[in-house]
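This report concerns only the one structure given below.
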Amino acid sequence: MSIDTERAQQEKVEPPPGPVSLVRAELPRWAPYGILVASLVVVGVLLAVTGGFSIGLFVFLSAVLFGLATYLVSRVVEGARKATDRLVTIVVTVAFLIALIPLISVVITVVTNGLARFDAAFFTQSMRGVGGANDLAGGGYHAIMGTLIITALAAVMSIPVGVLTAVYLVEYGSKSRLARAVTFFVDVMTGIPSIVAGLFSFALFALFFGPSIRLGFAGSVALSVLMIPVVVRSTEEMLKIVPNELREAAYALGTPKWRTILKVVIPTSIAGIASGITLAIARVIGETAPLLIAVGITTGLNLNPFANRMATLPVFAYYSYAAPGVPREPFIDRAWTSALVLIIIVLVLNLVARLVARVFAPKTR
Amino acid sequence: MGKAIDAKNLNIYYSSFLAVEGVNMTIRPKTVTALIGPSGCGKSTFLRSINRMHEVIPGARVEGRLELDGKDLYGPGVDPVGVRRQIGMVFQRPNPFPTMSIYDNVIAGQRLNNKKMKKDATDDLVEQSLRGANLWNEVKDRLDKPGSSMSGGQQQRLCIARAIAVQPDVLLMDEPCSALDPISTLAIEDLINELKMDYTIVIVTHNMQQAARVSDFTGFFNIEGTGKPGHLVEMDETKTIFSQPKEKATEDYVSGRFG
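Protein sequence lines, in the order shown, are assigned to chains A and B. So this note's numbering is basically just the index in the first sequence, starting at one, shifted up by 323. So this note's numbering is basically just the index in the second sequence, starting at one, shifted up by 6.
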């Protein structure tokens with residue numbers, strides 16, 4: 324029961340002489356911070372007295388106390404609606420902070436561990452001939468090149484197939500049986516575990532070249548199996564939000580359908596399509612399992628994806644950690660640096676996606 | 007330029023649903039014909055069937071004949087794309103292409119159809135079309151700005167410029183002023199009066215004063231009830247429709263009484 328309704332009920336019985344006041348009590352601006360500090364102090368003192376102090380418990384109890392105290396104080400002073408508002412604000416903020424914890428933790432761990440070998444040698448040397456007690460150099464050049472080549476090939480295969488599928492679904496298929504079937508299978512493909520994609524690709528190539536085949540291109544095929552549904556989905560959504568009025572405007576000028584799609588629909592949505600594609604690339608570039616099966620690992624540089632094994636960053640990181648040489652430390656360091664480089668590549672791709680979206684977006688002034 | 011349109015016993019369907027029934031109408035060249043009637047009575051559907059734009063909706067089809075200067079628009083082998091090049095259209099909401107500048111919007115019809123034009127000829131066409139749409143003086147200094155940077159009324163006139171740049175014979179307008187303020191509306195109405203020197207214009211409007219102001223002929227569409235097909239009640243010179251219509255329904259509608 325809010326103060327508002329209570330007042331209204333009183334008014335029914337006995338109407339006030341003047342107009343109803345629009346002003347209501349409000350907590351001062353510093354109140355939330357004051358309550359927060361107070362709850363931290365109270366919980367800290369309580370835990371110190373009982374002797375069971377731990378950082379996790381401290382944060383948890385403080386958050387709970389802060390939420391409750393704010394709700395009660397606000398309810399007494401400001402009324403139920405404001406109190407609920409403040410409580411929900413706190414809950415949402417806490418949820419956001421919790422979601423942030425793993426992200427920040429991962430970034431900090433990878434950066435601190437990866438910086439040790441984040442040097443020129445890592446970007447210029449492969450692992451060929453690296454070994455022995457004194458040989459601390461060696462790097463991931465071959466793995467970086469492998470990742471870039473295999474992902475680029477996967478993108479070259481996936482983007483046309485994915486974008487054209489989306490164009491079919493939105494512009495031509497509409498509600499036909501084929502379009503519904505394609506949509507269904509795209510949804511299914513989105514859920515395929517990445518290792519299944521790797522096994523599919525390996526089995527496909529093993530059929531022709533025997534079971535000992537390991538090939539960069541096989542990895543690209545596996546990655547595009549994972550990438551195509553993502554490209555289809557994001558492109559489809561972008562094409563759907565192009566207003567029908569623009570298509571009609573083009574038709575009314577006597578433009579054939581295919582030209583309308585090519586010159587009006589796609590240019591209007593190109594920003595979204597391009598950033599969707601970039602995010603799809605970022606999604607598959609860190610895949611480990613399919614590359615482990617289909618591409619394998621090697622110590623030297625191999626720039627030809629159509630012959631022999633290639634190294635890739637995720638697999639390189641995995642092997643450096645799972646099967647290190649002696650001494651262990653240089654291998655572990657290189658694994659962390661590979662992870663760091665991978666994160667940086669994904670970060671750059673995300674930035675590129677934003678840039679692309681901004682450059683291609685329709686101008687408004 | 008400026009051709010006649012003849013509808014003979016035209017039925018328009020969406021799949022199996024009969025939307026408009028039995029329209030017989032003659033639209034004379036270089037006149038303005040207004041189509042009025044309550045919402046859902048099929049006047050927009052009929053308008054869109056004239057340049058085969060209603061076929062954008064799957065399952066839409068017509069029975070009967072629709073002729074442009076005696077040539078059947080729905081005859082075998084007639085390409086809807088070709089029809090639309092001769093019969094332009096302006097829509098209810100201004101819809102300039104957001105990726106194109108004002109300049110490119112005007113010549114969108116040429117650009118989209120990959121017509122090669124000399125730079126001079128293109129410049130001339132842009133100026134001539136924008137002048138035709140009474141927009142030249144307002145935008146001549148910012149032709150490279152995007153079309154969406156203009157006011158709603160200017161955007162609508164840009165769409166008219168775009169439609170007349172392909173030099174059609176007929177211009178269809180589907181409530182072109184319903185999203186505009188009175189001043190922009192006046193600008194468009196003045197423009198319609200000038201355009202009828204060269205073009206046959208068919209305009210759908212909910213504003214009866216507008217129909218009375220701009221049109222030479224008026225057709226009144228009505229509908230018996232929900233789910234029934236719309237039909238043309240009567241068509242005559244605008245002043246006849248608004249002063250002494252033959253049908254009671256028309257009189258009730260134009261005088262603001264219903265039922």
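Ideal Cβ placement from N, Cα and C applies to all residues, glycine included.
| Query | Result |
| --- | --- |
| Alpha-carbon to alpha-carbon, I589 (chain A) and L569 (chain A) | 11 Å |
| Where the alpha helix (DSSP H) through R117 (chain B) begins and ends | 114–118 |
| When A:A597, A:I667, A:G595, A:I472 are compared against V618 (chain A), the one with the closest alpha-carbon | A:I472 |
| Straight-line Cα distance separating V176 (chain B) from T191 (chain B) | 21 Å |
| Neighbour-count burial assignment, A545 (chain A), 16 or more Cβ in a 10 Å radius | buried |
| Residues of its chain near I113 (chain B), where Cβ-Cβ distance is below 7 Å and the 5 sequence neighbours each way are ignored | T128, L131, V132, A171 |
| Classification of Y205 (chain B) by the beta-carbon crowding that lies within 10 angstroms, buried from 16 upward | buried |
| Three-state secondary structure assigned by DSSP to A66 (chain B) | strand |
| Residues near K14 (chain B) in its chain [Cβ-Cβ closer than 8 Å; skip 5 each side] | N30, G70, R71, L72, E73 |
| Local conformation of K202 (chain B) per DSSP, three classes | coil |
| Chain C contact for E571 (chain A) (CB, 9 Å cutoff) | Annotation note: the requested chain C is absent from the structure, which comprises protein chains A and B. |
| Neighbour flag for Q92 (chain B) against chain A, beta carbons, 9 Å | yes |
| C-alpha distance - G28 (chain B) paired with R54 (chain B), whole-angstrom precision | 16 Å |
| Minimum Cβ-Cβ distance from Y574 (chain A) to chain B less than 9 Å | yes |
| CB contact check: G158 (chain B) to chain A, cutoff 9 Å | no |
| Three-state secondary structure (DSSP) of I584 (chain A) | helix |
| For S661 (chain A) and I431 (chain A), the rounded distance between their alpha carbons | 15 Å |
| Within 7 Å of chain A by C-beta, residues of the stretch 95–112 of chain B in sequence order | M95, F97, R99, N101, F103, P104, T105 |
| Beta-ladder partner(s) of A13 (chain B), from DSSP | B:M31, B:L72 |
| Every unbroken alpha helix (DSSP H) inside the stretch 351–396 of chain A [4 residues or more] | 354–373 |
| Same chain, Cβ closer than 7 Å to A466 (chain A), five either side skipped, listed in chain order | A634, T635, L636, F639, S661 |
| Cut-off 6 Å between Cβ atoms - residues of its own chain near G115 (chain B), not counting five sequence neighbours on either side | A171, V172 |
| Proximity test, Cβ basis, 9 Å: P552 (chain A) and chain B | no |
| Where P86 (chain B) sits in the DSSP three-state scheme | helix |
| Three-state secondary structure assigned by DSSP to K151 (chain B) | coil |
| In DSSP terms, what F226 (chain B) is bridged to | B:I42, B:E240 |
| Check whether G367 (chain A) and S385 (chain A) have beta carbons under 9 Å apart | yes |
| Start and end residues, alpha helix (DSSP H) containing M550 (chain A) | 539–563 |
| Whole-angstrom distance between V96 (chain B) and T244 (chain B), CA atom to CA atom | 22 Å |
| Within 9 Å, strictly: CB atoms of R90 (chain B) and G521 (chain A) | no |
| Beta-bridge partners of V519 (chain A), as assigned by DSSP | Partner(s): none; V519 (chain A) has no beta bridge. |
| Contact between the stretch 512–531 of chain A and the stretch 598–616 of chain A (3+ Cβ pairs under 8 Å) | yes |
| Chain B within 9 Å of V587 (chain A), Cβ atoms only | yes |
| Chain-ordered chain B contacts of E568 (chain A) [CB-CB under 8 Å] | F97, R99, N101 |
| Under the three-state DSSP convention, the category A658 (chain A) falls into | helix |
| Short-range partners of chain B found in the stretch 590–604 of chain A, where Cβ spacing is below 7 Å | P590, T591 |
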